[in-house]
Every structure is written in C-alpha cells, then in structure tokens.
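**Student:**
2 protein chains.
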Amino acid sequence: MSLSQALQYLQENHDRFLAELEAFLRIPSVSTTEKHAADIARAANWVADSLRALGAQNVAVVPTGQHPVVYGFLPAAEAEAPTVLIYGHYDVQPPEPLDLWETPPFEPTVRGDRLYARGATDMKGQVMASLKAVEAAAHGGLPVNIKFIIEGEEEIGSPDLAGFIAEHKDLLAADVCLNPDSGMLGPDWPTITYALRGLAYFELRVFGPDHDLHSGIYGGVVHNPAQALAELIAGMHDENGRVTLPGFYDKVRPLSADEREALSHLPFDPTTFYLKQTGVPKLWGEPEYTPVERTGARPTLEINGLYSGFIEKGAKTVIPSYAMAKISCRLVPDQDPDEVAEQLKAYLKAHAPATIRWELDVMAGGPASVTDIHTPAVQALARAMEATWGSKPFYRREGGSIPVVGQMQQILGLDSVLTGFGLPDANLHAPNENLHLPTWQKGMEALVRFFYLYPQAAR
Amino acid sequence: MSLSQALQYLQENHDRFLAELEAFLRIPSVSTTEKHAADIARAANWVADSLRALGAQNVAVVPTGQHPVVYGFLPAAEAEAPTVLIYGHYDVQPPEPLDLWETPPFEPTVRGDRLYARGATDMKGQVMASLKAVEAAAHGGLPVNIKFIIEGEEEIGSPDLAGFIAEHKDLLAADVCLNPDSGMLGPDWPTITYALRGLAYFELRVFGPDHDLHSGIYGGVVHNPAQALAELIAGMHDENGRVTLPGFYDKVRPLSADEREALSHLPFDPTTFYLKQTGVPKLWGEPEYTPVERTGARPTLEINGLYSGFIEKGAKTVIPSYAMAKISCRLVPDQDPDEVAEQLKAYLKAHAPATIRWELDVMAGGPASVTDIHTPAVQALARAMEATWGSKPFYRREGGSIPVVGQMQQILGLDSVLTGFGLPDANLHAPNENLHLPTWQKGMEALVRFFYLYPQAAR
Chain A
463 MSLSQALQYL QENHDRFLAE LEAFLRIPSV STTEKHAADI ARAANWVADS LRALGAQNVA
523 VVPTGQHPVV YGFLPAAEAE APTVLIYGHY DVQPPEPLDL WETPPFEPTV RGDRLYARGA
583 TDMKGQVMAS LKAVEAAAHG GLPVNIKFII EGEEEIGSPD LAGFIAEHKD LLAADVCLNP
643 DSGMLGPDWP TITYALRGLA YFELRVFGPD HDLHSGIYGG VVHNPAQALA ELIAGMHDEN
703 GRVTLPGFYD KVRPLSADER EALSHLPFDP TTFYLKQTGV PKLWGEPEYT PVERTGARPT
763 LEINGLYSGF IEKGAKTVIP SYAMAKISCR LVPDQDPDEV AEQLKAYLKA HAPATIRWEL
823 DVMAGGPASV TDIHTPAVQA LARAMEATWG SKPFYRREGG SIPVVGQMQQ ILGLDSVLTG
883 FGLPDANLHA PNENLHLPTW QKGMEALVRF FYLYPQAAR
Chain B
463 MSLSQALQYL QENHDRFLAE LEAFLRIPSV STTEKHAADI ARAANWVADS LRALGAQNVA
523 VVPTGQHPVV YGFLPAAEAE APTVLIYGHY DVQPPEPLDL WETPPFEPTV RGDRLYARGA
583 TDMKGQVMAS LKAVEAAAHG GLPVNIKFII EGEEEIGSPD LAGFIAEHKD LLAADVCLNP
643 DSGMLGPDWP TITYALRGLA YFELRVFGPD HDLHSGIYGG VVHNPAQALA ELIAGMHDEN
703 GRVTLPGFYD KVRPLSADER EALSHLPFDP TTFYLKQTGV PKLWGEPEYT PVERTGARPT
763 LEINGLYSGF IEKGAKTVIP SYAMAKISCR LVPDQDPDEV AEQLKAYLKA HAPATIRWEL
823 DVMAGGPASV TDIHTPAVQA LARAMEATWG SKPFYRREGG SIPVVGQMQQ ILGLDSVLTG
883 FGLPDANLHA PNENLHLPTW QKGMEALVRF FYLYPQAAR
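Chains as they are written, first to last, in my numbering: chain A, 463 to 921; chain B, 463 to 921.
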C-alpha cells in the first residue's frame with residue numbers, strides 16, 4: 463500500500479467519513495455544565511468504539527476527576543518506526559445563545575461547502591480528520607506508531623489532564639505530539655502554530671445590599687453593586703488598552719525585532735482581515751503593537767460574561783443585591799497563571815470600595831508556550847502541507863490557549879506539532895460554528911502525507 | 463351607623479378581609495412581561511367584582527393601550543358631601559429571583575404577624591385596605607362620595623394612565639385624591655408623604671463584534687462590549703456619587719434651610735436605619751447631603767440590570783457580541799424626564815468610543831411632585847392617624863415615583879393625599895415581600911376615620 467493508495471482511500475470514503483463526523487457532532491458533549499454528564503460519557507464511548515473499529519489496541523476510557531480520557535494504540539507495520547501521540551478533545555463549548563443559530567447546534571447541517579454544528583471545527587472535525595487519516599494510512603500498514611489521547615475537559619481548562627499524563631508516562635511515551643487543535647489563516651494558507659497564549663479564568667462577584675432593594679426608597683444611600691462592578695472592570699484597562707493589574711506585564715517576554723519582522727509578513731492585510739472577521743466598526747488595543755502582535759504575542763484581559771439584577775424584557779426599578787463578571791486573561795511567556803490570579807486579587811484589594819463586598823473564584827489556568835519550528839516533525843508537516851496545498855505553510859503565534867502543549871513538554875518532554883484545519887470564520891465558541899469541508903479533506907491528505915514523511919525526517 | 467360601629471365592623475370582619483386579600487394576591491398580575499396578560503385581566507375583573515360587591519355603580523373595566531383601568535363609584539349618604547377619588551394599582555413587580563423566596567411569591571403565607579406574597583404591600587394590601595375601609599364606612603351610609611380608579615400599569619411606569627384621566631375628566635371629578643401607594647417609617651410612626659421623586663427608565667445596548675468571538679483568537683483587537691459598557695457606566699458617577707450626565711442637576715430645586723431642618727427630625731438614626739435595612743457594609747452617596755436628603759430630595763442614577771455573554775455556571779472563553787444595562791433615574795423637582803433622556807444621550811454621544819455601537823431605549827418616565835401639607839384632606843388624615851396611633855404623623859419626602867400624583871394635579875387639578883400602611887422592611891420589589899398585618903388593620907381604621915373627618919375639614 464503506497465501513499466497514493468492511501469490518498470485514494472481518503473477520496474473514496476469521504477461520504478462515509480462525513481456521516482461519521484455528523485454522528486459524533488450529534489452528541490451534545492458540553493463539558494462545562496453538569497446536565498450534559500451522560501452526553502460526555504456517550505462521546506467518550508463513541509471515540510473508544512471508533513478506535514476499536516480502526517483496530518487500535520489497549521483502548522480504554524479512563525475515569526478522571528470529571529470527564530474520562532480515551533486512549534488507544536496502533537502499532538506501525540515495521541519495527542523501529544517513530545511514535546506519534548495524537549492529542550484531541552471530544553468535549554465542546556456550550557452552544558448558547560441558541561436563538562442565534564441558523565440550524566440547531568447539535569443537528570449537523572451542510573450548507574454550501576460548510577458543515578454547521580457545535581464542535582464542527584473545535585475540535586470534533588479535527589479529531590475525526592486524525593482518526594480517518596490514520597485509517598487511510600493504516601490500510602496497508604502504518605508507517606508510524608500511533609497513540610491517541612482524547613480528553614473531555616479541554617473547554618473547561620483541562621483540570622485533570624496533567625494528572626493523567628503524569629500517571630501514564632510509559633503508556634504515552636512517544637517521539638512527538640501531533641495536536642490539530644489550532645487552525646489555518648485561510649483555505650489556501652496552510653498554517654503551523656508555534657506559540658500559544660496561556661489562560662487564567664475567574665468569576666468575580668460583588669455584593670451590595672443583602673437583598674434586592676426598591677431603587678426609589680434606597681437609591682442614593684447604597685453603592686449599587688452593578689455600578690461598583692462596572693467601576694472595577696473599567697479600571698482594569700487604561701486608556702490605551704493596557705491591563706492595569708499590578709505586575710501584569712513584569713514577566714511578559716519582549717518581542718524580538720526578528721520576530722516582529724516575521725510576524726509582519728502575512729498573505730493579507732491584518733486590519734482589513736480583523737474588521738471583516740469581527741464586524742466591529744474600529745479595531746481596539748495597545749497602539750504600539752500591530753493587530754497580529756496583539757492577538758498572538760500580547761496578554762489580554764476580557765470580560766466573558768456580566769450579570770446583575772433584572773435582565774428580562776421590560777422595566778424593574780430594583781437595586782440588585784449582587785453583580786457578577788466572568789473574566790479571563792490570555793497569557794504570554796513567561797506569565798504565570800497563579801501569579802496573575804494574585805495580581806487580580808491585589809487590584810481588587812486596592813480598588814474595591816468599602817461600600818461593597820467581593821469574592822473571586824479562580825477557575826482554570828495554564829501557561830503560554832512557544833515551540834521550536836526546526837524539529838523533524840514540524841519540518842515533515844511543512845513538507846506534507848506544501849505537497850497538499852502547493853504552497854509552504856505560514857508559521858504563526860496563536861492567541862488561543864492549549865494547556866496540554868505545555869504539559870506534554872513538562873511531563874513527557876514531548877514537543878508538539880500544532881496545526882488544524884478550521885478557518886478564521888469557523889465561529890469557534892460562537893453560534894453557527896462550522897467546518898469548511900474542502901479544507902477538512904485537504905487536512906486529512908496532509909496528515910496522511912505527514913505519517914509517511916515523518917519517519918524519514920526523524921531518522 | 464356611627465364611626466364606632468364602622469370600626470367595630472372592621473374588627474369583626476378581619477378574617478374575611480384577610481382571606482379576600484389572599485385571594486387577590488394569588489393572581490400573579492405581573493405587568494412587565496407579556497406572559498401574564500391573562501393574569502392581569504383576571505386581577506382587573508377581580509377588582510371590578512369586589513367593587514360591585516360593595517354596591518358600587520358604573521363599575522367598568524376600561525381597556526387601554528396595554529392593561530385595563532378599573533372604575534367604580536359609591537355615592538355618599540347625604541348630598542353636598544365631598545368626593546374622594548381613591549387611586550390604586552392591581553399590577554405587581556416580577557417576583558424574580560424566585561429561589562430567594564422562603565415561600566412562593568403567589569402563595570400568600572402568614573408567618574408571625576406578617577403576610578408574605580408579591581404585592582402584599584405594593585399595593586394589593588393597600589387597595590384592599592381602601593376597599594374594606596369603604597365597606598365599613600358605607601355600612602350605615604357613606605359620609606363621602608367615593609370614586610375608585612385602579613390601574614394595571616403602575617409597575618411599568620403607567621404609560622396609559624395620563625391618557626385615561628384626560629379622556630375621563632368628568633367621570634373622575636373629585637375634591638381630592640387619596641393615594642395609599644406610599645408607606646410608613648415604622649409600625650408606630652404613621653406617615654404622610656408630601657414629595658415623591660420622578661422616574662426615567664432606559665435600556666442601553668452596546669454592540670461590539672457581529673457575533674460572539676473566541677477570546678483567544680480575537681482578544682486584543684476588539685473592544686469587548688461588556689468592558690465598553692462597564693466603562694460607560696463607571697463614568698456616569700463621579701467619585702463623590704454625583705451623576706455626570708451633562709445638565710443633570712441644572713433644574714434640581716435646592717433644598718431650603720427650613721426643609722433640611724424639618725428633614726433632620728426623625729424618630730430614629732437614619733444611618734443606623736439604612737445600614738440595618740440594606741445590610742450594606744457602608745452607606746454611599748453625595749457626602750454633602752444626609753441619607754434622608756439623598757433618598758428623598760436628590761436625584762439618582764441606578765443600574766437595575768446588567769447582561770453580557772456567558773453567565774451560567776462554569777467557564778466560556780468568549781468575547782460577547784453585545785452587552786446590555788437597564789438604567790433608571792429617580793428625579794426631583796424640577797427635572798424633566800424627557801430632558802434627562804436627552805442628557806443621557808448627550809453623555810453617550812460624548813463618551814461612547816468609536817470601537818462600539820450603541821442603542822438607547824427610553825422606556826418610561828414621569829416628573830417628581832411636591833404637595834401642600836396644609837390642605838383639608840391632609841389635615842383630616844393627620845387627625846385620623848393621630849386618633850388611631852396616638853401620635854401625630856411624620857411628614858416625609860419619599861424616594862419612590864408615583865407618576866399619577868403629577869397627572870392628577872396637571873389634568874384634574876386634584877391634590878393627592880399620599881399615605882400607605884407598608885413598613886420599610888416590607889421588601890418592596892424584592893423577594894419575600896410582606897405586609898405587617900397589625901399595621902394594615904390600623905391603616906383601615908385610619909381610613910375609616912378619614913372618611914368621617916374629611917367632610918368637616920373640607921367645609
């Protein structure tokens with residue numbers, strides 16, 4: 463069985479692969495709310511069954527503190543072959559707000575050349591691309607050993623993954639980790655990600671009166687907690703969009719002139735690109751950095767949610783008893799998520815007025831990571847992409863956070879090759895998430911080529 | 463039939479009156495959400511049936527733009543008697559948040575000497591006190607003509623009431639309006655309210671990206687609308703708690719030295735009182751005014767609700783596409799609600815950044831009012847209260863807003879006598895709203911006495 467036969471197998475089985483992906487997407491495996499616990503279990507078993515169908519050995523659904531990890535192993539046809547550990551996650555983001563979806567999030571629907579569903583790109587589509595590339599490559603004998611580690615807690619910050627990896631070092635031993643949880647800059651621009659931002663996630667609650675008050679009777683003597691929260695949030699950035707938490711930038715590694723130069727070469731105008739992708743009237747952020755630098759190489763603080771008082775249709779003249787904000791920071795090397803939590807607490811201690819009480823929950827976190835682009839695996843993937851798309855891949859820093867990349871490095875000493883076949887308008891974490899099917903198909907081809915090219919590069 | 467017989471009738475029928483109030487409270491007549499339209503209609507018909515049972519004439523449930531007004535007339539036993547127009551409303555505030563109620567809001571429950579239910583004090587309890595005082599006084603021949611005007615839109619700002627009054631001037635002609643929608647300072651401190659604040663209510667929506675964004679991919683280039691909203695809200699007060707809308711204080715009538723002196727005489731320490739009633743760690747507001755002045759005689763701007771992004775349990779790393787705040791201002795003489803709306807728009811035009819879009823809905827409004835405490839009706843009620851409680855009533859400015867008081871003055875030329883028999887800890891507009899039953903009973907006695915004393919005072 464040759465590479466060309468494996469690629470032909472991919473073409474011939476495209477419709478079946480798509481049908482299997484749709485079945486996977488129909489499982490609403492939302493990890494952040496308890497009500498989907500049964501769906502999470504169903505998705506884990508679905509992945510395990512798929513691995514068994516590939517002929518994987520030692521397939522296991524391993525319980526953790528919350529959601530299980532799925533493991534499986536496929537040996538190479540020849541001894542001495544290198545081992546690729548493929549990382550993925552079967553959990554998805556919550557689909558809300560539901561009313562903004564054109565078709566239901568868990569009823570996969572093809573419109574044009576895109577498949578719409580929660581998880582289509584992030585990352586059930588990528589997990590399926592990996593499984594099916596292995597199936598195609600394995601048809602006549604795998605050129606590499608393959609191990610799969612597919613977790614169910616990525617969208618809640620992977621709280622149990624580091625423990626699982628540490629407890630199963632021998633099982634997971636490999637030469638490189640392939641992580642397809644990143645994405646592409648455009649359908650004709652294959653992309654390898656070499657840096658990721660870290661994450662620190664918080665819930666801040668501000669308490670005012672011990673019960674909701676009539677705003678006529680008490681308005682003027684109590685500090686409205688929604689207003690107090692707004693004041694605290696407003697103070698978290700200065701007028702130039704810089705985060706004001708004390709010490710926030712102390713450990714931020716400065717961008718070198720070389721790297722700024724490299725990041726300035728893109729196949730598109732980034733301002734036009736971001737305006738089009740977001741629909742905002744004007745971009746925002748630190749003026750001394752370019753948009754690409756701001757999203758990839760600078761830390762941020764974002765408000766992910768805000769709640770207080772009466773938010774239904776109509777009017778209610780109430781002074782709310784409390785207000786809540788979900789706040790997250792994207793971190794860059796060498797920021798530490800625990801230190802950022804302390805910085806936020808220090809900010810609140812310094813700025814929260816005596817007229818309110820506050821609580822801060824530290825929810826999840828992981829550091830940023832930067833990987834070497836000169837490793838055999840990255841170079842093999844670059845050649846595989848060039849052979850598939852006809853152009854060399856772009857190397858980029860990505861703004862998202864994939865804690866497992868740092869964990870693979872720290873616990874197993876494994877470099878990760880970061881890629882993925884979703885597009886910028888895939889609506890990750892948003893309504894109408896979608897997968898561009900022609901790019902998905904090319905992604906599977908590139909992975910098959912990678913499995914063939916990597917053993918030579920690693921030699 | 464004498465006054466003493468009327469008072470005895472009240473005592474003897476207390477249990478029946480309480481049972482009728484409970485039946486009234488079981489109707490969830492929430493005016494602000496469409497889902498209670500049938501309950502609103504049921505409450506209106508319940509009031510009309512009660513008026514018919516009293517022997518009222520010309521009882522009518524009159525449709526308006528939204529919720530009907532109930533009217534009824536009871537003639538005095540003797541010609542030449544003055545006419546009292548009794549105002550009330552049968553609608554109630556929404557009961558949310560439901561989980562903070564000890565017993566369900568629409569299942570009236572007596573615990574100790576209080577009756578717990580949404581509307582128990584605001585103001586079904588007061589409407590029932592008026593109906594039953596009339597029933598008792600009418601038993602042997604009413605000393606005054608009584609007209610009832612009971613609306614269903616008070617909790618949404620009475621948008622149709624001014625139109626109804628203007629169209630029915632002859633029907634509503636009277637000598638004075640009795641409005642029991644205010645309250646008492648404490649169970650032993652009967653109170654007549656002589657000033658009310660006005661209201662202007664808004665919904666502000668801030669729009670950022672045209673869909674929710676992944677905070678990793680886009681964090682750093684778009685102005686988070688939740689943050690932008692927080693920045694706009696934070697700027698609406700200065701560090702002394704003064705509202706910063708341009709021109710907001712221009713028309714605020716200064717407090718005279720006499721009035722500040724009068725407002726300083728209270729049967730309790732206001733700081734201790736407000737700390738206890740609200741449970742806040744420290745009072746807030748303009749330092750150059752006392753708490754009583756701030757709640758009664760100074761305008762405010764409050765955040766009544768706040769929403770953006772992901773607010774369920776757990777974490778979601780999203781940049782929300784929009785953020786919303788419900789904002790209301792309590793107004794004092796001579797502020798104009800339309801002008802305040804223009805001031806808020808001017809503030810937003812001056813301060814909203816070019817990185818977001820915004821919309822402002824102007825929802826409801828009414829001016830503040832001050833009434834003369836030397837009218838025959840106020841003096842008759844003062845004597846009635848002194849006879850009932852054994853002490854003279856307190857005169858106070860109240861922070862709440864009752865637009866009908868201004869409308870009665872402007873359209874019918876009628877002064878209002880403002881009172882009510884709810885206590886400060888009645889939890890108006892909040893969970894566990896309640897009515898202190900001994901005070902309610904005394905309130906009915908005071909009203910019966912008022913019906914007997916007013917004709918003499920008015921002569």
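Just so it is clear, CB atoms sit at the ideal spot from N, CA and C, and this is done for glycine as well.
Taking the alpha-carbon positions, what's the A/E821 to A/V668 distance?
**Tutor:** Cα-Cα distance, rounded: 7 Å.
**Student:** Please tell me whether B/P761 and B/R792 are closer than 8 Å, where the distance is taken between their beta carbons.
**Tutor:** For B/P761 and B/R792, yes; Cβs fall inside 8 Å.
**Student:** Which residues in the same chain have their Cβ closer than 6 Å to the Cβ of A/I835, if we skip the five residues on either side of it in sequence?
**Tutor:** Counting only Cβ-Cβ distances below 6 Å, and skipping sequence neighbours, we find Y656, Y857.
**Student:** Output yes or no for whether 8 Å exceeds the beta carbon distance between B/I548 and B/S592.
**Tutor:** The answer is yes: Cβ separation under 8 Å.
**Student:** In terms of residues, what are the limits of the beta strand (DSSP E) holding B/H898?
**Tutor:** Taken as a continuous stretch (DSSP letters only), the beta strand (DSSP E) holding B/H898 covers 896–898.
**Student:** Any beta-carbon of chain D closer than 8 Å to the one on A/H699?
**Tutor:** Here the protein chains are A and B, and chain D is not one of them.
**Student:** Mark B/N686 as exposed unless 16 or more other C-beta atoms lie within 10 angstroms of its C-beta, in which case mark it buried.
**Tutor:** Burial call: buried.
**Student:** Using the three-state DSSP reduction, which class does A/Y552 fall into: helix, strand or coil?
**Tutor:** In this structure, A/Y552 counts as coil in the three-state DSSP scheme.
**Student:** Could you spell out the range, first to last residue, of the beta strand (DSSP E) harbouring B/V523?
**Tutor:** 519–524 is the extent of the beta strand (DSSP E) around B/V523.
**Student:** What are the complete alpha helix (DSSP H) segments, minimum 4 residues, inside the region 721–790 of chain B?
**Tutor:** List check, alpha helix (DSSP H) in window: 732–740, 753–758.
**Student:** Return the first residue and the last residue of the alpha helix (DSSP H) that A/V596 is part of.
**Tutor:** Its alpha helix (DSSP H) spans residues 586–600.
**Student:** Using 8 Å as the cut-off, can you tell me whether the region 760–777 of chain A makes contact with the region 762–771 of chain B, which would need three or more C-beta pairs spanning the two stretches below that distance?
**Tutor:** Result yes; three or more Cβ-Cβ pairs closer than 8 Å.
**Student:** Using DSSP bridges, identify the partner residues of B/S831.
**Tutor:** Answer is B/L658.
**Student:** Could you name the residues of the region 662–679 of chain A whose beta carbon sits closer than 7 Å to any beta carbon of chain B, in the order they occur along the chain?
**Tutor:** Cβ contacts with chain B come from Y663, G670, P671, D672, H673, D674, L675, H676, S677, G678, I679.
**Student:** So, does the region 512–529 of chain B touch the region 603–615 of chain B, judging by three or more C-beta pairs under 8 Å?
**Tutor:** The region 512–529 of chain B, when compared against the region 603–615 of chain B, does touch it at the 8 Å Cβ threshold.
**Student:** Report the option in B/R819, B/P917, B/D561, B/V492 whose CA atom is closest to the CA atom of A/D674.
**Tutor:** The shortest C-alpha separation from A/D674 is found at B/D561.
**Student:** Please check the pair B/G884 and B/G645, which I expect to be a contact at CB under 8 Å, by giving their CB distance rounded to whole angstroms.
**Tutor:** That pair is a contact at about 4 Å.
**Student:** Out of curiosity, what's the CA-to-CA distance linking A/I864 and A/E482?
**Tutor:** So the two alpha carbons sit approximately 26 Å from each other.
**Student:** So is B/E693 in contact with chain A if we call contact Cβ pairs under 8 Å?
**Tutor:** Cβ-Cβ to chain A under 8 Å: yes for B/E693.
**Student:** So that I know if they touch, is there some Cβ in chain A lying closer than 8 Å to that of B/H529?
**Tutor:** Answer no: the Cβ-Cβ gap between B/H529 and chain A never drops below 8 Å.
**Student:** Using a Cβ-Cβ distance cut-off of 8 Å, determine whether A/W746 contacts chain B.
**Tutor:** Interface residue, yes.
**Student:** Beta-carbon of A/K736 versus every beta-carbon of chain B: anything under 8 Å?
**Tutor:** Note on residue identity: the sequence assigns Tyr, not Lys, to residue 736 of chain A. Taking Cβ atoms only, chain B reaches closer than 8 Å to A/Y736, which makes this a yes.
**Student:** Determine whether the beta carbon atoms of A/N641 and A/P537 lie at a separation below 8 Å.
**Tutor:** Cβ distance not < 8 Å, so A/N641 and A/P537 don't count as in contact.
**Student:** Measure the beta-carbon distance from A/R488 to A/E895 and round it to whole angstroms, keeping in mind my assumption that it falls under 8 Å.
**Tutor:** At roughly 14 Å, the Cβ-Cβ gap does not stay under 8 Å, so A/R488 and A/E895 are not in contact.
**Student:** At 8 Å on the CB atoms, spell out the chain A contacts of B/F568, in chain order.
**Tutor:** Here the premise fails: no neighbours, minimum Cβ distance about 17 Å.
**Student:** Going by DSSP in three states, B/S878 sits in which element: helix, strand or coil?
**Tutor:** Residue state, collapsed to three classes: strand.
**Student:** When the distance is taken between beta carbons, is A/L465 closer than 8 Å to A/V910?
**Tutor:** Yes. Within cutoff.
**Student:** Using 8 Å as the limit for Cβ to Cβ distance, is A/M946 near chain B?
**Tutor:** Any answer about residue 946 of chain A is impossible in this case: the structure gives chain A only from 463 up to 921.
**Student:** What runs of the alpha helix (DSSP H), each 4 residues or longer, lie entirely inside the region 789–817 of chain B?
**Tutor:** Listed in chain order, they are 799–813.
**Student:** Quick one: any contact between the region 870–878 of chain A and the region 718–733 of chain A, if contact means 3 or more CB pairs under 8 Å?
**Tutor:** Output reads no: the region 718–733 of chain A does not touch the region 870–878 of chain A.
**Student:** Which residue wins for smallest C-alpha separation from A/K854, given the options A/E860, A/A844, A/G861?
**Tutor:** When only C-alpha atoms are compared, the closest one is A/A844.
**Student:** What residues in its chain sit with their C-beta under 7 Å from that of B/K744, if we drop five residues either side in the sequence?
**Tutor:** No residues qualify anywhere along the chain.
**Student:** For B/I864, does the three-state DSSP call read helix, strand or coil?
**Tutor:** B/I864: coil per DSSP, three-state reduction.
**Student:** Is the region 586–606 of chain A touching the region 472–480 of chain A in the sense that three or more CB pairs, one from each, lie closer than 8 Å?
**Tutor:** Yes, since at least three Cβ pairs between the region 472–480 of chain A and the region 586–606 of chain A fall closer than 8 Å, the two stretches touch.
**Student:** Express the C-alpha separation of A/Y711 and A/E750 in angstroms, rounding to a whole number.
**Tutor:** Their backbone Cα atoms lie some 15 Å apart in a straight line.
**Student:** I'd like to check one pair, B/T817 with A/W851: are the Cβ atoms closer than 8 Å?
**Tutor:** The answer is no: Cβ separation not under 8 Å.
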